[in-house]
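Taken in order, the sequence shown gives residues 1 to 177; the numbers are from the working numbering.
Using N, Cα and C, we set each Cβ at its ideal position, and we do this for glycine too.
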Amino acid sequence: MLKIFERIQSALSGLVETSARQSARQYGRRSALARMGSIMVGGAAFTALPFDRAWGATPSGDGTYDDKSCDYWRYCALDGFLCTTAGGSKSSCPVGAEASLVSWVGTCHNPADDRDYLVSYYDCCGKTAFSGAQFCLRSEGERPAYSMGLHNDINWCMSNANKGYHCTVALVVGVAE
């Protein structure tokens, strides 16, 4: 019995030694350092990504965090149905709809941090049947429709293959300086 155990131990030891030598021939110290460096840089970049600081906060009466209300700060230049009430979210189209290839922008003031943000509005196209969606018409700072590309009353689904309008999402593009 002892000889079988010694044979198994010897075989395992040889297997580990062979794989360690093969790994050392195939991968040098530099590649290991490069991998560790990319993991560290990736981890640092991951912590710099934006995230929702509200953490599921209860909607306030002024619409600051209520993304299902027309009073939500991000919707200052929105004209259409809210995707948050039509099966999507404030930043993604519902299943079966696709974002328009073109969009319009607005500059909205966030009362929570007292800063202005550039918000891009995309119509969600291709899915026309909906019920109970909240319609909003907020055109703060809107200019006359002398140039149709600057106006929010256009069906922005015109650039997509399926031109049916469903709802509108509001993506924060950056801080307005």
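Looking only at its chain, what residues have a beta carbon closer than 8 Å to the beta carbon of residue i, apart from the 5 residues adjacent to it on each side?
i      : result
ASP116 : THR107, CYS108, HIS109, ASN110, VAL175, ALA176
CYS76  : GLY106, THR107, CYS108, HIS109, VAL119, ARG138, GLU140, GLY141
GLU98  : CYS124, CYS125, GLY126, ASN160, ASN162
GLY164 : CYS125, GLY126, LYS127, THR128, CYS157
PRO94  : CYS83, ALA86, GLY87, GLY88, CYS124, LYS127, HIS166, CYS167
Quick check on the DSSP output: the beta strand (DSSP E) that includes residue i runs from which residue to which?
i      : result
VAL173 : 165-175
What I want to know is whether the C-beta of residue i ends up closer than 7 Å to one or more non-hydrogen atoms of the ligand NAD.
i     : result
VAL95 : Among the ligands in the structure shown, none appear at all, so the ligand NAD cannot be discussed.
Mapping the DSSP letters down to three states, classify residue i as helix, strand or coil.
i      : result
ALA34  : helix
ALA20  : helix
ILE4   : helix
ALA161 : coil
SER13  : helix
ARG53  : Residue placement at ARG53 is flagged as unreliable, the pLDDT there being 43, under the threshold of 50; the coordinate-derived value follows with that caveat. Three-state DSSP puts ARG53 in coil, outside helix and strand.
GLY61  : With a pLDDT of 41 at GLY61, under the threshold of 50, the modelled position of this residue cannot be trusted; read the value that follows with caution. Three-state result, GLY61: coil.
Leaving aside the five residues before and after residue i along the sequence, list all residues of the same chain whose C-beta is less than 7 Å from its C-beta, in chain order.
i      : result
VAL172 : ARG74, TYR117, VAL119
LEU78  : TYR121, CYS136, ARG138, THR168, ALA170
SER103 : SER120, TYR121, TYR122, TRP156
LEU101 : SER159, ASN160
THR84  : ASP67, LYS68, LYS90
PRO92  : The amino acid occupying residue 92 in the given sequence is Ser; Pro does not appear at that position. Excluding sequence neighbours, SER92 sits near VAL169.
ASP114 : none
Could you check whether residue j and residue i sit closer than 8 Å to each other, using their CB atoms as the reference points?
i      : j      : result
GLY96  : ASP123 : no
LEU82  : ALA133 : yes
ALA112 : HIS166 : no
Which residues in the same chain as residue i place their Cβ atom closer than 6 Å to its Cβ, once the five residues preceding and following it in sequence are excluded?
i     : result
SER89 : none
Any C-beta of chain C sitting closer than 8 Å to the C-beta of residue i?
i     : result
VAL95 : In summary, chain C is missing from the structure at hand, where a single protein chain is found.
Completely contained beta strand (DSSP E) runs for the segment 72-156, where each covers 3 or more residues: 79-81, 104-110, 115-125, 135-137
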